[in-house]
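Quick notes on the structure that follows.
What follows is the structure, given as structure tokens:
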């Protein structure tokens, strides 16, 4: 069934595009339906929950565009981007220091924005997330020595990850 749905998705997207364009007179909304093609491939192949965590930025963008174009409410719609870290935390079922940095910076940003109404210059604080995580909580596979054997790293990163996906 998944393969059939993936095969039919270009036609489904075209139908939705024509419906939004011809009946709703919203071509921008219609164009976003073509994003369903790669989204269906990503979600309908492999482990659903792992794929969902990986494609959530794409899903959040798609929801943001759909709601924004359909209702012309862009301001509160940006909240759908909070689905990205939330989904990751739910799927992986753990909260490590790297994720806690992102949650803390986001909570600080929202608090300052709501208390003082200073949303614009304070968005720069989101740059602290990769800086703090890189300096204090580096990923164990983020860096490798150039002198190490390429095949060893290839096997560790690529082949071992593929074996985990098959499970």
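In the working numbering, the protein residues as written are 2 to 168.
Cβ atoms here follow ideal geometry from the backbone N, Cα and C, with glycine treated the same way.
Just so you know, these numbers come straight off a predicted model, no measurement behind them.
Taking the alpha-carbon positions, what's the residue i to residue j distance?
i, j, result
"residue 82", "residue 5", "30 Å"
"residue 19", "residue 31", "7 Å"
"residue 45", "residue 109", "37 Å"
"residue 122", "residue 103", "18 Å"
"residue 15", "residue 41", "14 Å"
"residue 21", "residue 69", "14 Å"
"residue 136", "residue 129", "10 Å"
"residue 126", "residue 25", "39 Å"
"residue 92", "residue 116", "32 Å"
Is residue i helix, strand or coil by DSSP?
i, result
"residue 43", "helix"
"residue 1", "Shown here, the chain extends from 2 to 168; a query on residue 1 therefore has no answer."
"residue 50", "helix"
"residue 139", "coil"
"residue 95", "coil"
"residue 73", "coil"
"residue 10", "helix"
"residue 1", "Because the chain here runs from 2 to 168, residue 1 falls outside it and cannot be looked at."
"residue 57", "helix"
"residue 119", "coil"
Shortest alpha-carbon distance to residue i belongs to which of the options?
i, options, result
"residue 131", "122, 111, 118 and 107", "107"
"residue 13", "2, 34 and 63", "34"
"residue 27", "104, 66, 112 and 57", "66"
"residue 98", "11, 51, 140 and 25", "140"
"residue 52", "118, 79, 10 and 89", "89"
"residue 59", "48, 38, 105 and 47", "38"
"residue 10", "36, 23 and 29", "36"
"residue 101", "71, 124 and 86", "86"
"residue 73", "113, 3, 29 and 138", "29"
"residue 76", "120, 7, 133 and 56", "120"
Return the first residue and the last residue of the alpha helix (DSSP H) that residue i is part of.
i, result
"residue 125", "No alpha helix (DSSP H) contains residue 125, which DSSP labels as neither H nor E."
"residue 30", "28-33"
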